[in-house]
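Before any comments, here is the structure.
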Amino acid sequence: MIQPKFLPFALPDIGEDEINEVVDALRSGWVTTGPKTKQFEADFAAYIGDGVEAIAVNSATSGLHLALEAVGIGAGDEVIVPSYTFTATAEVVRYLGAHPVCVDVDAATFNISPAAIRAAITPKTKAIMPVHFAGLACDMDEIIAIAREHGLKIVEDAAHAMPTLYKGKLIGTLDSDVTVFSFYANKTMTTGEGGMVVSKNKDIIARCKVMRLHGISRDAFDRYTSTTPAWYYEVVAPGFKYNMPDTAAAMGIHQLRKIDAFLAKRETLAARFDAELADLPLILPARPTDAGSTHAWHLYPVRIKPEAGISRDDFIAQMAARGIGCSVHFIPLHRQPVWRDGYQLTREAFPVADAAFEAEVTLPLYTRMTDDDQSRVIAAVRGILGQ
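This is how it looks when you write it as structure tokens:
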């Protein structure tokens, strides 16, 4: 019997348009930050709308670091983050000598709990970093109200949330200070590696732009393409090396043009999973409950109920035996040695996040998935769960 090919957890959806644009960048002789990056930034800002400006970076992690630095986070400050997130959300806080304060999440959405935010605020708290888990927006009205009440900055980790609507407004246009998107290989759109910092605040954008490239007062592209001698520059701050190259931006130009079609495909896949897995001993992903809100469906996370009679780990192993890749989102920060030991975090302090981790498995969902691919996933899940 011929075994079917392995079905991965995620695959990027890259076509000839992206390939040709990357080749054009290579042939142009300008492969670092240049005209294609500028076009991608302009196109992205136009897509998000509402007067935002956009700064392309080499990863969302870089973008979060720049964003926190730009809003003034420094040594000894505290930044509230969810425990149920990837380590990048917390590590960028430490880059600045500040401290991530982990809090629990909502039981339905896995998004940061506003009540937990309120309980964690101290005189040292300077910012909140909500993470829009899986592509579903946090309770931003409540988070914004808390921030205004206490004079806190908001840096949105929107690595999963391109494009997500919150009550009719795209993530990136809300009344937060700055938003950071990810274009990692498995995200809803990709540049291979990369990210975008978005803000309506011109001072934040200006600071990010300077700090993105060594703290230099002028873009290298502007200096090297000037028609008059423009060799002089000034280093005005000890910056970083976080710029996006044109070879990556070339992919992003066309990925952005496809994002609405990508979203429609993800919505179709999620709806079919919802319909065909509804009778199983699973907790299916939360959906938006507010009018005008949407889900980006970066991930399709389910939880295995106790009555299923199988552990999460055994379920993943049996899916792999059937040639299907799954993942877990996330191993919470309070279980990771660096945060657990460094900040004396216990499982008991994060009951919701801890229980979610024990049961969560992320099923494959990506735009290159065919009907037959999805049928394989559904049949495997049903077979393992005895249905």
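The opening position of the sequence shown corresponds to residue 5 in my numbering, with each subsequent residue numbered one higher.
Glycine included, each C-beta is placed from N, C-alpha and C at the ideal position.
Query, Result
"Distance between W343 and K157 (C-alpha atoms, nearest Å)", "23 Å"
"P285 in three-state terms, based on DSSP", "coil"
"Sufficient close CB pairs (3 or more, under 8 Å) joining the stretch 179 to 193 to the stretch 59 to 67", "yes"
"Residue closest to G139, alpha-carbon to alpha-carbon, out of P355, S297, L70", "S297"
"Integer Cβ distance of F361 from I335, believed to fall under 8 Å", "6 Å"
"Opposing strand residues paired with F277 [DSSP bridges]", "Looking at the DSSP assignment, F277 forms no beta bridge with any residue, so it has no partner."
"Closest Cα partner of L72 within the set M215, R222, Q259, A359", "M215"
"A163 classed as buried or exposed, judged by whether at least 16 other C-beta atoms fall within 10 angstroms", "buried"
"Beta strand (DSSP E) segment containing A131, residue limits", "129 to 132"
"Option nearest P134 by Cα separation, candidates A123, D145, I116", "I116"
"Option in F13, A46, G80 with minimal Cα separation from A253", "A46"
"Option nearest Y88 by Cα separation, candidates H333, I314, V385, K173", "H333"
"Alpha helix (DSSP H) runs contained entirely in the stretch 24 to 108, provided each spans 4 or more residues", "39 to 52, 64 to 74, 91 to 99"
"Validate contact between the stretch 246 to 266 and the stretch 188 to 206 using beta carbons, cut 8 Å, 3 pairs", "yes"
"Whole alpha helix (DSSP H) elements within the stretch 166 to 235, 4-residue minimum", "206 to 216, 224 to 229"
"The stretch 265 to 280 contacting the stretch 66 to 85, beta-carbon criterion three pairs below 8 Å", "no"
"Close beta carbons around D17, own chain, < 6 Å, minus the five adjacent residues each side", "T371, R372"
"For I116, the three-state DSSP class (helix, strand or coil)", "strand"
"Proximity winner among I382, V105, K128, relative to A427 (alpha-carbon distances)", "Summary: the structure shown does not reach residue 427, with the chain confined to residues 5 through 391, and so no result is reported for it."
"Per-residue burial, S203 [other beta carbons within 10 Å of its own, 16 or more giving buried]", "buried"
"Where I308 falls: helix, strand or coil (DSSP)", "strand"
"Residue from V159, F48, V56, T37 with nearest C-alpha to V97", "V159"
"Which listed residue (A14, A50, G172, A149) has its alpha carbon closest to that of A141", "G172"
"Burial state of T374 (16 or more Cβ within 10 Å)", "exposed"
"Separation of E311 from I382, as counted between CA atoms", "19 Å"
"Rounded C-alpha distance that separates Y237 from F244", "16 Å"
"Whole-angstrom distance between Y347 and P167, CA atom to CA atom", "34 Å"
"Identity of the residues DSSP links to L11 by a beta bridge", "I328"
"Extent of the continuous alpha helix (DSSP H) to which D345 belongs", "341 to 346"
"One or two residues paired with I158 in a DSSP bridge", "I132"
"I18 - DSSP class collapsed to helix/strand/coil", "coil"
"Other residues of its chain near R291: CB distance less than 7 Å, five sequence neighbours each side excluded", "H299"
"DSSP three-state assignment for A384, whether helix, strand or coil", "helix"
"Buried/exposed call for A58, threshold 16 Cβ in 10 Å", "buried"
"Residue environment, I23, which counts as buried when at least 16 other CB atoms sit within 10 Å", "exposed"
"Burial state of L30 (16 or more Cβ within 10 Å)", "exposed"
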